[in-house]
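Participant:
There are 2 protein chains.
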Amino acid sequence: MTTDPAPARRRPTHRKGRATLTRASVGQAALDFLGRHGPAELTMRALATELGVSPRALYNYVEDRRDLITVAAEIFQSEWRPPTLDPAPDRWRETLRAYCHDLRAHYRRHPGMTTLALSENITMARHPVMLRNVDALIGFFTEIGGTGLPPREAYLACMETIRQIVGFVEFQDRPHDRPPEDLDPAELRQTPPPWLREGADDLPHLRRAAEDQHSELPDEVFEFTLDVLVDGIAATAVKRRDL
Amino acid sequence: MTTDPAPARRRPTHRKGRATLTRASVGQAALDFLGRHGPAELTMRALATELGVSPRALYNYVEDRRDLITVAAEIFQSEWRPPTLDPAPDRWRETLRAYCHDLRAHYRRHPGMTTLALSENITMARHPVMLRNVDALIGFFTEIGGTGLPPREAYLACMETIRQIVGFVEFQDRPHDRPPEDLDPAELRQTPPPWLREGADDLPHLRRAAEDQHSELPDEVFEFTLDVLVDGIAATAVKRRDL
DNA sequence: ACCTGAACACCGTTCAAGT
DNA sequence: ACCTGAACACCGTTCAAGT
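Each protein sequence line maps, in turn, to chains A and B. Oh and the first sequence: position 233 is 1175 in the working numbering, straight run, nothing missing. Oh and the second sequence: position 196 is 1138 in the working numbering, straight run, nothing missing.
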């Protein structure tokens, strides 16, 4: 069907009916696996079974499980193309918000990735594509609102933004998208929640919040997070300008 | 030495020379263990060895490993006594900052706790003491700066604050306090870092940030985080007042 | 060169039996 | 009532041997 441009025949592309493994293909398989199952289920043996090879075969392409997760994380990072940012005074807020929405959606697509990297002490954001994205985001902050932020504050604002998105996905979206299995799904929508049922007479604010149906909708909570982030950065920008 | 007030003798306090196990003592031992070792090292077998019993003995007090971690998390929460907050217009910012510093220090003392609870899908903040703390923090936000925040915004501000602290400890402090073992300690202080060495010609902002010695000091980064958080919440308060 | 199968040292958890 | 010891099914990883 396709016209292959006579590739270098260094390495067979197939073996025993399946495509030959590579470091990249093994990492991609791990990333796909994380989109379907929880991080704890990603074992060398399970991945090997899915690829139709013995567990030992994976060790020809990755050093160990930690290395496997590192490859998956790199592919994960390289897959994201950020929306364009506009530092103009009347545009930077909305484009930054759109940027954050898109980044949140990307992390949310592979819920286990960040937690897994965290628990394995893997340093993320090393992939060239991600480094370029980070550099562009810092550049954006050095120009926002006309005056822009000084270099150091722009760097901090960039890291702050990324950390907030990751934190939101891990601590808000993930428990919401994959609630613990030991409680009934019906129990989730009860108001007030069972742990607030008794002895909550001295917890008036929590009780009121628990009765508010909107309180736990992640999308609405995320808007508040963006409000605080954007306004907080704007205030910092004003403060630095007045110095 | 101490005068014991004739306790009810329902249960022996010692057995074979060591104190009798209880659900609380096992949980406390797990929490202590997490202060000394990484979360992955906390195994039923390792904890049993440290307590001088067989692994099976632990199952008389906790249902399984997940339950053990839940108990440890509850003890962890009950151990924190928050500093006092003052919502007065000229005081709320500084007292909120002090509050956040204290909470950060508490989480930092048991680095593995949050990550472990996260990876085991354990819902935190169920302990009565912590619920009271959360309620008080919401109450604080309903009164800040004279006008205060509406109930819903106060609740969101409370959750935002806690999430930011936890996110900071997990994503900033933990990698800094316990760097991955596969790179030399010397490599950490190099400027620019090795992953920025080549092909970084189109990464001017990252390069500049990497040369700035202050960029990676967690305490200074934390001040920026608090700047954004406090100013962001203040801006939200003003916005709501003007509506 | 790349794979398989067997093995080792770990893990959580359970069973049957001790005291 | 609470414990031990042995066992089971898992895991990451390695060794020796196949093709």
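Ideal placement from N, C-alpha and C gives every residue a C-beta, glycine not left out.
DSSP three-state label for PRO1053 of chain A, please.
Facilitator: Within the first sequence, residue 1053 of chain A is the residue found at index 111, counting from 1. Looking at PRO1053 of chain A - three-state DSSP - the assignment turns out to be helix.
Participant: Skipping 5 residues on each side, what residues in its chain have a beta carbon closer than 6 Å to that of SER1020 of chain B?
Facilitator: Position 78 of the second sequence, counted from the first residue, corresponds to residue 1020 of chain B. Closer than 6 Å at the Cβ level, and outside the excluded window around SER1020 of chain B, lie HIS1069, VAL1071.
Participant: Looking at LEU1145 of chain B and LEU1079 of chain A, is the spacing between their C-beta atoms short of 8 Å?
Facilitator: Position 137 of the first sequence, counting from 1, holds the residue named residue 1079 of chain A. Position 203 of the second sequence, counting from 1, holds the residue named residue 1145 of chain B. Cβ distance not < 8 Å, so LEU1079 of chain A and LEU1145 of chain B don't count as in contact.
Participant: For the stretch 1043-1095 of chain A, list the alpha helix (DSSP H) runs that are entirely contained and at least 4 residues long, ordered along the chain.
Facilitator: Counting only runs of 4 or more, we get 1053-1061, 1070-1083.
Participant: Can you tell which of B:ARG1033, B:ARG1007, B:ASP1161, B:SER996 has the C-alpha that lies nearest to the C-alpha of ILE1086 of chain B?
Facilitator: As a working mapping, residue 1086 of chain B is identified with position 144 in the second sequence. Taking only the C-alpha atoms, the option nearest ILE1086 of chain B is B:ARG1033.
Participant: I'd like the ranges of any alpha helix (DSSP H) spanning at least 4 consecutive residues and lying wholly in the stretch 966-1015 of chain B.
Facilitator: 986-993, 997-1000
Participant: Applying the criterion that 16 or more other CB atoms from any shown protein chain within 10 Å of the CB defines a buried residue, is THR985 of chain A buried or exposed?
Facilitator: Residue mapping note: residue 985 of chain A aligns to position 43 of the first sequence, counting from 1. Per the 10 Å Cβ criterion, exposed.
Participant: Grouping DSSP H, G and I as helix and E and B as strand, with all else coil, what is LEU1145 of chain A?
Facilitator: On the first sequence, position 203 is the one that residue 1145 of chain A refers to. Coil, per DSSP.
Participant: According to a CB-to-CB cut-off of less than 8 Å, which residues of the stretch 1147-1161 of chain A neighbour chain B?
Facilitator: HIS1147, LEU1148, ARG1150, ALA1151, ASP1154, HIS1156, SER1157
Participant: So with CB distances below 9 Å, who are the chain A contacts of VAL1071 of chain B?
Facilitator: In the second sequence, residue 1071 of chain B corresponds to position 129, counting from 1. Chain order gives no chain A residues near VAL1071 of chain B, where near means a beta carbon separation below 9 Å; the closest approach is about 12 Å.
Participant: Mind pulling the chain A residues with CB within less than 8 Å of ARG1094 of chain B?
Facilitator: Here residue 1094 of chain B is taken as the residue at index 152 of the second sequence, counted from 1. Contact of ARG1094 of chain B with chain A by beta-carbon distance below 8 Å involves ALA1151, ASP1154, HIS1156, SER1157.
Participant: Within 10 angstroms of the Cβ of ALA988 of chain A, are there 16 or more other Cβ atoms? Answer buried if so, exposed if not.
Facilitator: As a first step, residue 988 of chain A must be located in the first sequence, where it is residue number 46. Answer is exposed; the Cβ neighbour count stays below 16.
Participant: Start and end of the alpha helix (DSSP H) containing PRO1025 of chain B?
Facilitator: What you label residue 1025 of chain B is simply residue 83 of the second sequence in a count that begins at 1. It is not in any alpha helix (DSSP H) - PRO1025 of chain B carries neither H nor E in the DSSP assignment.
Participant: Would you decide whether VAL1108 of chain B is buried or exposed? Buried here means 16 or more other CB atoms lie within 10 Å of its CB.
Facilitator: Along the second sequence, one-based indexing puts residue 1108 of chain B at 166. By the 10 Å Cβ count, VAL1108 of chain B comes out buried.
Participant: Between the Cα of HIS1147 of chain B and the Cα atoms of A:ALA971, A:ASP1077, A:TRP1022, A:GLY977, which residue gives the shortest distance?
Facilitator: The count along the second sequence starts at 1 and reaches residue 1147 of chain B at position 205. Nearest of A:ALA971, A:ASP1077, A:TRP1022, A:GLY977 to HIS1147 of chain B, Cα basis: A:ASP1077.
Participant: Along the alpha helix (DSSP H) that carries ASP1119 of chain B, what are the first and last residues, could you check?
Facilitator: Along the second sequence, read from residue 1 onward, the residue named residue 1119 of chain B stands at position 177. Looking at the DSSP string, the run of the alpha helix (DSSP H) that includes ASP1119 of chain B is 1116-1119.
Participant: Identify which residue in B:VAL968, B:ARG1116, B:LEU1045, B:TYR1097 has its Cα closest to the Cα of LEU1168 of chain B.
Facilitator: Working through the second sequence from its first residue, we reach residue 1168 of chain B at position 226. Out of B:VAL968, B:ARG1116, B:LEU1045, B:TYR1097, B:LEU1045 has the C-alpha closest to the C-alpha of LEU1168 of chain B.
Participant: Specify the secondary structure class of LEU963 of chain A as computed by DSSP and reduced to three states.
Facilitator: What you label residue 963 of chain A is simply residue 21 of the first sequence in a count that begins at 1. Coil, per DSSP.
Participant: Can you grab the Cα-Cα spacing for the pair TYR1062 of chain B / VAL1180 of chain A, in whole Å?
Facilitator: Along the second sequence, one-based indexing puts residue 1062 of chain B at 120. Along the first sequence, one-based indexing puts residue 1180 of chain A at 238. In the sequence as displayed, the identity of residue 1062 of chain B is Glu instead of Tyr. So the two alpha carbons sit approximately 42 Å from each other.
Participant: Tell me whether PRO1025 of chain A is buried or exposed, calling it buried when 16 or more other Cβ atoms sit within 10 Å of its Cβ.
Facilitator: Against the first sequence, residue 1025 of chain A aligns to sequence position 83. PRO1025 of chain A should be labelled exposed.
Participant: Applying the criterion that 16 or more other CB atoms from any shown protein chain within 10 Å of the CB defines a buried residue, is HIS1052 of chain A buried or exposed?
Facilitator: Here the question's residue 1052 of chain A lines up with position 110 in the first sequence. Counting Cβ neighbours within 10 Å, HIS1052 of chain A comes out buried, since at least 16 surround it.
Participant: So, under 8 Å CB-CB, LEU1171 of chain A and VAL1170 of chain B are touching, yes? Tell me the CB distance rounded to an integer number of Å.
Facilitator: Here residue 1171 of chain A refers to the residue found at position 229 of the first sequence. Here residue 1170 of chain B refers to the residue found at position 228 of the second sequence. Sure, about 7 Å apart at Cβ, within 8 Å.
Participant: Which bits of chain B does GLY1109 of chain A rub up against, with CB to CB less than 9 Å?
Facilitator: Here residue 1109 of chain A refers to the residue found at position 167 of the first sequence. Result: ARG1105, GLN1106, VAL1108, GLY1109, PHE1110, GLU1112, PHE1113.
Participant: I want to know whether the stretch 959-973 of chain B touches the stretch 1002-1018 of chain B - three or more CB-CB distances under 8 Å.
Facilitator: Segments in contact, yes.
Participant: Of all the CB atoms in chain B, is at least one closer than 8 Å to the CB of LEU1000 of chain A?
Facilitator: Indexing the first sequence from 1 puts residue 1000 of chain A at position 58. Under the 8 Å criterion on CB atoms, LEU1000 of chain A is classed as non-interfacial with respect to chain B.
Participant: Nearest to TRP1022 of chain B by alpha carbon, out of B:CYS1042, B:GLU1005, B:ALA1030, B:ARG1008?
Facilitator: For this step, residue 1022 of chain B is matched to residue 80 along the second sequence. It is B:CYS1042 whose Cα lies nearest to the Cα of TRP1022 of chain B.
Participant: Which chain B residues are close to ASP1144 of chain A, counting only those with a beta carbon under 9 Å from its beta carbon?
Facilitator: The residue you call residue 1144 of chain A lines up with position 202 of the first sequence. What ASP1144 of chain A touches in chain B: ARG1074, ASP1077.
Participant: Please look up how many angstroms separate the CB atoms of PHE1082 of chain B and PRO1122 of chain B, rounded, as I've assumed it's under 8 Å.
Facilitator: As a first step, residue 1082 of chain B is located in the second sequence; it is residue number 140 there, counting from the start. As a first step, residue 1122 of chain B is located in the second sequence; it is residue number 180 there, counting from the start. Rounded, the Cβ-Cβ distance is 38 Å, inconsistent with contact.
Participant: So, helix, strand or coil for ASP1169 of chain B, using DSSP?
Facilitator: For the purposes of this step, residue 1169 of chain B is taken as the residue at position 227 of the second sequence. It is helical.
Participant: MET943 of chain B to LEU1000 of chain B, Cα distance in whole Å?
Facilitator: Here residue 943 of chain B refers to the residue found at position 1 of the second sequence. Here residue 1000 of chain B refers to the residue found at position 58 of the second sequence. Confidence at MET943 of chain B is low in this model, with a pLDDT of 38, below 50, so the placement of that residue should be treated as unreliable; the coordinate-derived value is given next. When rounded, the distance between both Cα atoms is 31 Å.
Participant: Using a Cβ cut-off of 9 Å, pull out every chain A residue sitting near GLU1102 of chain B, in sequence order please.
Facilitator: Counted from its first residue, the second sequence places residue 1102 of chain B at position 160. The answer, in chain order, is VAL1163, PHE1166, THR1167, VAL1170.
Participant: Quick check: is the beta carbon of THR1037 of chain B nearer than 8 Å to any beta carbon in chain A?
Facilitator: On the second sequence, residue 1037 of chain B is found 95 positions in, with the first residue counted as 1. Closer than 8 Å: no.
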